[in-house]
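A short write-up of the structure that comes next.
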Amino acid sequence: MDTNQLTVQLHGLPTHLWHAAKHLVETVLAPLLLFYALFQVTDFTGGLLAALGWVVAALVFRFSIGAKIPMVLWLTAAVLVVRTGLGFATGSTFVYFLEPSVQNFLLAAALLVSVPFERTFLAKLAADFCVLPPELTGHVRVQRFFRRVSLLWALVFTVNGLTTLWVLGQATLEHFMLVSTVGSFALVALAAVASLVWFRRELRGEGIRLSFGKPAAAAA
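Under the working numbering, think of the first position of the sequence shown as 140, with each following residue one higher.
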């Protein structure tokens, strides 16, 4: 196929945004908000059980309907099991919220370790937030892009981890949750926009055009 004339048809942009938003709410916002709500209404134990219960319920629901379980949900479940265990063992909110900082460093390490492989760790995570067809994910230049952009995201997670650690040692629980959540989302959003711009530039350099929405009907 002549890559100079390759057009890749994708779902409409709202579909991609909705796909990403669902995973974001399911794995990040809902557990965090449930923890805080039950922590305020009951106690630390109630918050722990609420956050873990949400993720377990999400896994059970997907199993029951035979739906694919995204990697990011598996990661969230594994992390919350560890966090909950540490929370119960120590009874410390500091230890409970220390783990996400450590998680950022582990993610950065995983991204760097996977760089030499054909399909990087970042490419697998990206599939949970953006629906990409095989003709893109299997393209040599796209695979090279994911190896390079993995370095950017490794830096993002490292900065995020260091910042979260600093805020955790300085702020109250309420301020920590607000500042760390807003700061983390802002940093990730900036990195996502930069990655998207970089991705489009790589595709243009290969002569690949992305088309969003349904294909135009062929002329009669």
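Ideal Cβ placement from N, Cα and C applies to all residues, glycine included.
query	result
Coil, strand or helix - Ile204 by DSSP	helix
Complete alpha helix (DSSP H) runs within the stretch 239-288 (minimum length 4 residues, chain order)	260-268, 273-276
Distance, Val327 Cα to Met316 Cα	16 Å
Pair within 7 Å by beta-carbon distance, Ser323 and Val288	no
Closest residue to Trp305 among Val254, Phe236, Glu341 (Cα-Cα distance)	Phe236
The alpha helix (DSSP H) enclosing Gly344, as first and last residue numbers	312-344
Distance between beta carbons of Leu251 and Gly226, contact taken as under 8 Å	Gly226 to Leu251, Cβ: 29 Å. No contact.
Straight-line gap, Thr303 to Val218 (C-alpha atoms, nearest Å)	16 Å
The stretch 180-198 / the stretch 330-344 touching (three or more Cβ pairs under 8 Å)	no
Beta carbon of Thr166 nearer than 7 Å to that of Val220	no
Backbone CA spacing between Phe202 and His162 [nearest angstrom]	16 Å
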